[in-house]
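This report refers to the structure that appears directly beneath it.
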Amino acid sequence: MMYMVQQVNKLGKSDWYMAWYQDDEVLMNSSSGGAFTAIAEVVLQDNGVVFGATFDEKTWDVYHKPVTCIEELNDIRGSKYYQSQAFLAYADCKKYLDAGIEVLFSGTACQVAALKNYLGKSYDNLITVDVLCHGVTSKSVVKKYATAEERKAKQPIKSIAFRQKGLIPWRNGCGASMLLNYTDGTQKVITDGIDSFFLAFSGNLILRPSCYECHFTGTDRISDFTLSDYWGVDDTCASEYNLEKGISVLVVNTDKARDLLNRVSKDFIYGPIDPMERAVPCNLAFTKPPPRNEKKASFFAEYQSTDYDRLIHKLYRPYLIKRCVKQGVKMVVGPKGVAMIKSTFKKLTGGG
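One point on numbering: in the working numbering, the residue at position 155 of the sequence shown is 174, and numbering is uninterrupted.
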């Protein structure tokens, strides 16, 4: 059985939840609300294996690896914004499955589809999680960016935490805050709107070509679970604590997933939501692929010969200034303040 594009699961009604783990350590080491950890813990406690993406500090490769105990989960938590060599793990995944061991595989939807194609048949002991994806860039782009940062710091970078919590509140865009760890022990804090990597990434300038034609967007999902940030949520339905630390959208697509959800830790809290109210409108990948940036060809024409920062600022100086101002206002006044500013602007310009 081949899981080609036209055979993305049409699973009927999925169950949509907002969710978070009531543990500070788990939340701070998770991209959003800790839903992946809650699911993975169930599998590991039942002597299963969990596959997820990890970062190799020596080679700068991102690849999928298996973990067999809860203590190793931190290796595969968090977001990696460039392409994982997931295919290297497919054979190991099959070995565990054929041995009757429960396997949880976490990745982007296209990686889940590739795994299913590789396996060639369904396995009752396979549980899949797709993490909603904006798109991915390549290792070469990340290294080009890192080289520019190393030149400024006069110090090699040891590792990059692409989504570092604790720098700014989650609801204000901590999903786009980054930490550069240098070999001498120093660190540099990066926030969206003022950094050349996130400007290019969020602006769809440096994504892989296939991402602009992604066949796995939409609300029909290929995995048992789908996870994303609950962007757009506010204090009308979530506590200030959770808005600071992170909240997940948890989409339960299969009966297999529903059964596992009944076994999660009592510290994992989830409640039903209307997906069309916030979850879908605030996450582009639930509706369509990212649009191709019109400056992409210009960027890659000069990519090899020009300093990364200089090239980004050359292409996007007006946009960069506008984005910095917008992000600064958002951080100061919060979502309600932004809504009030937008409403006032519409009235002043005759827009409503």
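Positions of the beta carbon are idealized from the N, C-alpha and C atoms, including for glycine.
- Setting aside the 5 residues that flank it on each side, Gly154 is surrounded in the same chain by Leu226, Cys230 and Pro309, each with a C-beta closer than 6 Å to its C-beta; the list follows chain order.
- For Ala276, the closest of Leu123, Thr205 and His234 by C-alpha to C-alpha distance is Leu123.
- In the DSSP annotation of this structure, the continuous segment of the alpha helix (DSSP H) that includes Phe220 starts and ends at Ser215 to Ser221.
- Within the stretch 291 to 332, the complete alpha helix (DSSP H) runs of at least 4 residues fall at 315 to 321.
- Shortest Cα-Cα distance from Glu296 to any of Thr255, Ser157 and Glu121 involves Thr255.
- For Ile58, the enclosing alpha helix (DSSP H) stretches over residues Ala54 to Gln64.
- Our two residues, Tyr36 and Asp94, have alpha carbons roughly 26 Å apart in a direct line.
- Apart from the 5 residues on each side of it in sequence, Val61 sits with its Cβ closer than 7 Å to the Cβ of Leu279, Arg282 and Val283 in its chain, given in chain order.
- Beyond the five residues adjoining it in sequence on each side, Thr73 comes within less than 6 Å, by CB distance, of Lys84, Asp94 and Ile95 in the same chain, given in chain order.
- In the displayed model, Leu199 falls within a strand according to three-state DSSP.
- Rounded to whole angstroms, the Cβ separation of Val81 and Ser103 is 4 Å, and the two are in contact under 8 Å.
- Burial check for Asp214: the Cβ neighbour count within 10 Å reaches 16 or more, so the residue is buried.
- Nearest Cα to Val160 within the set Gly126, Leu198 and Tyr322: Tyr322.
- Within the same chain, Cβ atoms closer than 7 Å to the Cβ of Ala54 are found at Ala38, Leu246, Ser267 and Leu269, the five residues on either side in sequence being excluded.
- Rounded to the nearest angstrom, the gap between the Cα atoms of Phe216 and Gly119 is 43 Å.
- In the same chain as Leu330, and ignoring 5 residues on each side of it, the C-beta atoms closer than 6 Å to its own belong to Glu321, in chain order.
- Cβ-Cβ separation between Phe220 and Ala128: approximately 19 Å, too far for a contact (criterion under 8 Å).
- When only Cα atoms are considered, Ser33 and Tyr289 end up about 15 Å apart.
- The secondary-structure analysis by DSSP pairs Ile146 across a beta bridge with Leu123.
- In this structure, Gly222 is the residue among Leu46, Gly222, Asp111 and Glu168 with its C-alpha nearest to the C-alpha of Arg336.
- Ranked by how close their Cα comes to the Cα of Ile146, the residues Gly204, Phe244, Cys301 and Tyr249 have Phe244 in first place.
- With a beta-carbon spacing of about 6 Å, Ile176 and Glu169 fall inside the 8 Å limit used to define contacts.
- One alpha carbon belongs to Asp149, the other to Glu259, and they sit about 28 Å apart.
- Here Ile241 carries a coil assignment [DSSP, helix/strand/coil].
- Secondary structure note for Val69: it is in no alpha helix (DSSP H), and the uninterrupted beta strand (DSSP E) holding it is Val68 to Phe74.
- Between the alpha carbons of Ser125 and Gly139 lies a gap of roughly 18 Å.
- If you look at Ser159, you'll find it in the alpha helix (DSSP H) that goes Lys158 to Ala172.
- When only Cα atoms are considered, Ala110 and Cys301 end up about 36 Å apart.
- Check the Cα spacing between Lys162 and each of Lys113, Tyr100, Glu313 and Lys315: the tightest is with Tyr100.
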